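Okay, so here's the structure we're looking at.
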Amino acid sequence: MIKTAAGPDGVWIAGRVYTISDALAKQFIEVGAAISLEPVVIETEVIEPQEKAVLPRGRPKERKGHVDRG
Numbered sequence: 142m143i144k145t146a147a148g149p150d151g152v153w154i155a156g157r158v159y160t161i162s163d164a165l166a167k168q169f170i171e172v173g174a175a176i177s178l179e180p181v182v183i184e185t186e187v188i189e190p191q192e193k194a195v196l197p198r199g200r201p202k203e204r205k206g207h208v209d210r211g
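In structure tokens, the structure reads:
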């Protein structure tokens, strides 16, 4: 619990860990009174990379002091 909560079923003190029903845990989490200590499974999706634009190659740059005798 990150906030103290009270109801007809009891009192839950901030800073303590409780094992409670999933339904009650969901309610506490939704209102910001608790956080889950259960591992979270994150589903991912593989997305193929899009095509990359490639710029055309220009003429090679001339080196300073180099004379092209072609």
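Going by our numbering, the sequence shown opens with residue 142, and the numbers climb by one from there. Heads up, the beta-carbon is just placed ideally off N, CA and C, and yes, glycines get one too. The structure displayed is predicted, hence computed values, not measured ones.
Exercise. Do the region 149 to 167 and the region 193 to 202 touch if we need at least three Cβ pairs shorter than 8 Å?
Worked result: no
For this session: Measuring alpha carbon to alpha carbon, tell me which of 184, 155 and 183 ends up nearest residue 170.
Result: Taking the first residue of the sequence shown as position 1, residue 170 is located at position 29. Nearest option by C-alpha distance: 155.
Problem set entry | DSSP-derived helix/strand/coil call for residue 166 | Your numbering for residue 166 matches position 25 in the sequence shown. The answer is helix: DSSP assigns residue 166 an H, G or I state.
Exercise. Alpha carbon to alpha carbon, what distance is there between residue 199 and residue 179?
Worked result: Residue numbering aside, residue 179 sits at position 38 when the sequence shown is read from its first letter. Residue numbering aside, residue 199 sits at position 58 when the sequence shown is read from its first letter. Straight-line Cα distance between these residues: approximately 57 Å.
Exercise. By a C-beta neighbour count over all protein chains shown, 10 Å radius and 16 as the cutoff for buried, is residue 175 buried or exposed?
Worked result: Taking the first residue of the sequence shown as 1, we reach residue 175 at position 34. Per the 10 Å Cβ criterion, buried.
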